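Visitor: The following block contains the structure, expressed as C-alpha cells.
Number of protein chains: 2
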Amino acid sequence: MKRINPSHNCKDELNEVELRATPARIAVMDLLEKTNLPVDATMIKDHLDKHHIDTDPATVFRILNMFLEKGLIKQISFNEGKFRYELANREDHHHLICQTCGKIEDISECAISELEKDIKKKKGFIVSHHTLEFYGVCHDCQKNQNYI
Amino acid sequence: MKRINPSHNCKDELNEVELRATPARIAVMDLLEKTNLPVDATMIKDHLDKHHIDTDPATVFRILNMFLEKGLIKQISFNEGKFRYELANREDHHHLICQTCGKIEDISECAISELEKDIKKKKGFIVSHHTLEFYGVCHDCQKNQNYI
DNA sequence: ATGGTTGCAAACACTTTGCACATGA
DNA sequence: TCATGTGCAAAGTGTTTGCAACCAT
Numbered sequence: 005m006k007r008i009n010p011s012h013n014c015k016d017e018l019n020e021v022e023l024r025a026t027p028a029r030i031a032v033m034d035l036l037e038k039t040n041l042p043v044d045a046t047m048i049k050d051h052l053d054k055h056h057i058d059t060d061p062a063t064v065f066r067i068l069n070m071f072l073e074k075g076l077i078k079q080i081s082f083n084e085g086k087f088r089y090e091l092a093n094r095e096d097h098h099h100l101i102c103q104t105c106g107k108i109e110d111i112s113e114c115a116i117s118e119l120e121k122d123i124k125k126k127k128g129f130i131v132s133h134h135t136l137e138f139y140g141v142c143h144d145c146q147k148n149q150n151y152i
Numbered sequence: 005m006k007r008i009n010p011s012h013n014c015k016d017e018l019n020e021v022e023l024r025a026t027p028a029r030i031a032v033m034d035l036l037e038k039t040n041l042p043v044d045a046t047m048i049k050d051h052l053d054k055h056h057i058d059t060d061p062a063t064v065f066r067i068l069n070m071f072l073e074k075g076l077i078k079q080i081s082f083n084e085g086k087f088r089y090e091l092a093n094r095e096d097h098h099h100l101i102c103q104t105c106g107k108i109e110d111i112s113e114c115a116i117s118e119l120e121k122d123i124k125k126k127k128g129f130i131v132s133h134h135t136l137e138f139y140g141v142c143h144d145c146q147k148n149q150n151y152i
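The listed protein sequences correspond, in order, to chains V and B.
Residues are numbered in my numbering as their position in the first sequence, beginning at 1, plus a constant of 4.
Residues are numbered in my numbering as their position in the second sequence, beginning at 1, plus a constant of 4.
Shown next as C-alpha cells:
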C-alpha cells in the first residue's frame, strides 16, 4: 500500500475521532474532501485502486460505516438503490440531480428551518434533520438536447 | 388465488392504463389506496399472503415496476437500503419519519415551488420534481421517552 | 386463442459478517 | 505489544431476469 498524499491533515482529523490513520482511511477522507460531492462505494473503491491502495469492498463499507458512526460523513440516497456519502461538516445544502447525465450540483439556499418550527408546533414532531433533493434536467443537457 | 374485495374500481383503474386486472395487481392497488403511506415490497408481499394471494417477490417487483412505468405510483427512499412506494396521484406532500418508532406521517404544506423558480433562474436547471423528508422524533415517542 | 402475467429458480447488485492475519499507536 | 484494521470468502438483503405454464381479455 502506498499513501496518496502525506501532506494532508487527514491523519489528525482521524485521530481526533479516535480512528487510526490507515492509508485506506486517509485516501477515503481525501476523496471526500476533494470532490465535496456525494460518492458511492464503487467510486471510492475506484479511487483507491487508482492510487494503488489495495482494498476490497468490505473494507470500504467498514470505513464508511465507521465514519458515519463518528459523524464525519452523511449517508444520502438519490433513489438509485445504493447509498452515497459526503462530508458532514458542510453548510446546510441540497442537490440538483440531472436525470439525463447524472451530474450532481450543490445548492445552498434553504428556507426550511421555518417549516421545521411549524412542524413542531402543528404536529409535535421534533425534526433532527431533513433531506431535500431536486430532480430535473441540468443546463448543459438542455443545450445538448439529449433530453426528450 | 382469491380476490380480496371485488367491489373496488381498481379493475377499471388498471384497464385504463392497459394493464390486465389480475388478483395480485388489484390487491396491490388496494393496499396502496388503503394505507396511503409508503410501503415496501415486503409489506406488500405480507399483505398478499394475508389475503391468500399466492405470489413471490419477483411478481411483486414486476407489478411495482409496471405501476411505476404507467405513472400510477412513485418510488421513494428513506435511506433504508430499499425502496418504498406510494400512489402518484396525490397532492404534493412530504413525510415526517420518526427515527424511534419508524412511523411515517404526511405533511402537505410545501413552499418549494418558489425555490424551484429560483433554481431555474440562477442555475438554469429545470426541476421536474423534488423530494423533501424530515427525520426526527414523533409526538408519541417524545411522551414515551423511548428516545435518547 | 393469444399475448400479457405469473411462479419458480437462478442471478445480480449492494452491503454485512466471521475469522485469521497484519499494522498503527 | 496488542487492540484496532484489513483481506478474503461467504452470506445476507433487495431486486431483476429467463423460461415454461397460466390466465384475462
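Just so it is clear, CB atoms sit at the ideal spot from N, CA and C, and this is done for glycine as well.
Computed from a predicted structure; not experimentally measured.
Once you ignore the five residues that flank Asn19 of chain V on each side, which residues in its own chain have a CB closer than 8 Å to its CB?
Guide: Start at 1 with the first residue of the first sequence, and residue 19 of chain V comes out as number 15. Only Ala25 meet the Cβ criterion.
Visitor: Looking only at its own chain, which residues have a Cβ that is under 6 Å from the Cβ of Leu52 of chain V, when we skip the five neighbours before and after it?
Guide: What you label residue 52 of chain V is simply residue 48 of the first sequence in a count that begins at 1. Once the five neighbours on either side are set aside, the close Cβ partners of Leu52 of chain V are Ala31 and Thr59.
Visitor: Please name the residues in the region 76-87 of chain V whose beta-carbon is closer than 9 Å to at least one beta-carbon of chain B, in chain order.
Guide: Gln79, Ile80, Ser81, Phe82, Asn83, Glu84, Gly85, Lys86 and Phe87
Visitor: With C-beta atoms as the reference, is Ala45 of chain B less than 9 Å away from Lys86 of chain B?
Guide: The residue you call residue 45 of chain B lines up with position 41 of the second sequence. The residue you call residue 86 of chain B lines up with position 82 of the second sequence. Yes, Cβ-Cβ distance for Ala45 of chain B and Lys86 of chain B is below 9 Å.
Visitor: From the DSSP output, in three-state form, read off Glu73 of chain B for me.
Guide: Here residue 73 of chain B corresponds to residue number 69 of the second sequence, with the count starting at 1. Glu73 of chain B falls in the helix class under three-state DSSP.
Visitor: What number of angstroms, rounded off, separates the C-alpha of Leu136 of chain B from the C-alpha of Asn13 of chain B?
Guide: Looking up residue 136 of chain B in the second sequence gives position 132. Looking up residue 13 of chain B in the second sequence gives position 9. Near 31 Å, if we compare the C-alpha coordinates of Asn13 of chain B and Leu136 of chain B.
Visitor: Counting only C-beta atoms, is Glu137 of chain B closer than 9 Å to chain V at any point?
Guide: Here residue 137 of chain B is taken as the residue at index 133 of the second sequence, counted from 1. Glu137 of chain B counts as touching chain V.
Visitor: From Cys145 of chain V to Thr104 of chain V, what distance separates their C-alpha atoms?
Guide: For this step, residue 145 of chain V is matched to residue 141 along the first sequence. For this step, residue 104 of chain V is matched to residue 100 along the first sequence. Each residue's Cα considered, the two are about 7 Å apart.
Visitor: By Cβ distance below 7 Å, which residues in the same chain neighbour Arg7 of chain V in space, the five residues on each side in sequence not counted?
Guide: Position 3 of the first sequence, counting from 1, holds the residue named residue 7 of chain V. Bear in mind that a pLDDT of 40 at Arg7 of chain V, under 50, signals an unreliable position, so the number given afterwards is only what the model happens to contain. Excluding sequence neighbours, Arg7 of chain V sits near Pro27 and Ile30.
Visitor: So with CB distances below 8 Å, who are the chain B contacts of Phe65 of chain V?
Guide: On the first sequence, position 61 is the one that residue 65 of chain V refers to. Per Cβ cutoff of 8 Å: no residues; Phe65 of chain V is ~12 Å from chain B at best.
Visitor: In the structure shown, what three-state DSSP assignment does Phe138 of chain B receive?
Guide: As a position in the second sequence, residue 138 of chain B is number 134, starting the count at 1. Phe138 of chain B falls in the strand class under three-state DSSP.
Visitor: DSSP beta-bridge partners for Lys78 of chain B?
Guide: On the second sequence, residue 78 of chain B is found 74 positions in, with the first residue counted as 1. Partner(s): B:Glu90.
Visitor: Could you check which residue in B:Lys49, B:Asn40, B:Ile116 and B:Asn83 has the C-alpha nearest to that of His133 of chain V?
Guide: The count along the first sequence starts at 1 and reaches residue 133 of chain V at position 129. That would be B:Asn83, whose Cα lies nearest to the Cα of His133 of chain V.
Visitor: Below 7 Å on C-beta distance, what does Gly140 of chain B contact in chain V?
Guide: Position 136 of the second sequence holds residue 140 of chain B. Per Cβ cutoff of 7 Å: Phe129, Ile130, Val131 and Ser132.
Visitor: Counting pairs of Cβ atoms below 8 Å between the region 106-115 of chain B and the region 118-133 of chain V, do you hit three or more?
Guide: Under the three-pair Cβ rule at 8 Å, the region 106-115 of chain B counts as touching the region 118-133 of chain V.
Visitor: In chain order, what residues of the same chain lie with their CB nearer than 6 Å to the CB of Ile57 of chain V, ignoring the 5 residues before and after it?
Guide: Taking the first residue of the first sequence as position 1, residue 57 of chain V is located at position 53. Hits under 6 Å: Met5, Pro27, Ala28 and Ala31.
Visitor: In angstroms, rounded to a whole number, what distance separates the CA positions of Asn148 of chain V and Val141 of chain V?
Guide: Along the first sequence, one-based indexing puts residue 148 of chain V at 144. Along the first sequence, one-based indexing puts residue 141 of chain V at 137. Answer to the nearest angstrom: the Cα atoms are 11 Å apart.
Visitor: Which residue spans inside the region 93-131 of chain B form an unbroken beta strand (DSSP E) run of at least 3?
Guide: 98-102 and 108-111
Visitor: Tell me which residues share the same chain as Arg66 of chain B and place their Cβ nearer than 8 Å to its Cβ, disregarding the 5 neighbours each side in the sequence.
Guide: Position 62 of the second sequence holds residue 66 of chain B. Result list for Arg66 of chain B: empty, nothing under 8 Å.
Visitor: Distance cutoff 9 Å, beta carbons only. Does Glu37 of chain V sit that close to anything in chain B?
Guide: Residue numbering aside, residue 37 of chain V sits at position 33 when the first sequence is read from its first letter. Taking Cβ atoms only, chain B never reaches closer than 9 Å to Glu37 of chain V, which makes this a no.
Visitor: If you draw a straight line from the C-alpha of Lys49 of chain V to the C-alpha of Ala62 of chain V, how long is it?
Guide: For the purposes of this step, residue 49 of chain V is taken as the residue at position 45 of the first sequence. For the purposes of this step, residue 62 of chain V is taken as the residue at position 58 of the first sequence. Rounded to whole angstroms, the separation of the alpha carbons of Ala62 of chain V and Lys49 of chain V is 10 Å.
Visitor: Whole-angstrom Cβ separation of Glu17 of chain V and Leu91 of chain V, contact assumed at under 8 Å?
Guide: Start at 1 with the first residue of the first sequence, and residue 17 of chain V comes out as number 13. Start at 1 with the first residue of the first sequence, and residue 91 of chain V comes out as number 87. Actually they are not in contact, since the Cβ atoms of Glu17 of chain V and Leu91 of chain V sit about 10 Å apart, beyond 8 Å.
Visitor: Looking only at its chain, what residues have a beta carbon closer than 6 Å to the beta carbon of Val21 of chain B, apart from the 5 residues adjacent to it on each side?
Guide: Here the question's residue 21 of chain B lines up with position 17 in the second sequence. Hits under 6 Å: Lys74.
Visitor: Residues of chain V with CB under 8 Å from His95 of chain B, in chain order?
Guide: In the second sequence, residue 95 of chain B corresponds to position 91, counting from 1. Note that residue 95 of chain B is Glu in the sequence shown here, rather than His. Result: empty, since nearest Cβ-Cβ is about 16 Å, beyond 8 Å.
Visitor: At 8 Å on the CB atoms, spell out the chain V contacts of Glu109 of chain B, in chain order.
Guide: The residue you call residue 109 of chain B lines up with position 105 of the second sequence. Within chain V, the residues near Glu109 of chain B are Lys127 and Phe129.
Visitor: Between Ile123 of chain B and chain V, is the shortest Cβ-Cβ distance under 9 Å, so that the two count as touching?
Guide: Counting from one through the second sequence, the residue named residue 123 of chain B turns up at place 119. At least one chain V Cβ lies under 9 Å of Ile123 of chain B.
Visitor: If you draw a straight line from the alpha carbon of Glu95 of chain V to that of Asn40 of chain V, how long is it in whole angstroms?
Guide: The residue labelled residue 95 of chain V in the question sits at position 91 within the first sequence. The residue labelled residue 40 of chain V in the question sits at position 36 within the first sequence. About 12 Å.
Visitor: Which value, in whole angstroms, describes the spacing of the CA atoms of Glu120 of chain B and His55 of chain B?
Guide: Counting from one through the second sequence, the residue named residue 120 of chain B turns up at place 116. Counting from one through the second sequence, the residue named residue 55 of chain B turns up at place 51. Between Glu120 of chain B and His55 of chain B, the C-alpha separation is close to 43 Å.
Visitor: Apply the 10 Å Cβ neighbour rule to Ser117 of chain B and answer buried if 16 or more other Cβ atoms are within range, or exposed otherwise.
Guide: Against the second sequence, residue 117 of chain B aligns to sequence position 113. That one is exposed.
Visitor: Counting contacts by CB-CB distance shorter than 9 Å, is Ala45 of chain V in contact with chain B?
Guide: Within the first sequence, the letter at position 41 stands for residue 45 of chain V. Taking Cβ atoms only, chain B never reaches closer than 9 Å to Ala45 of chain V, which makes this a no.
Visitor: Between which residues of its own chain and Leu68 of chain B is the CB-CB distance below 6 Å, once the five residues before and five after are set aside?
Guide: As a first step, residue 68 of chain B must be located in the second sequence, where it is residue number 64. The residues are Tyr89.
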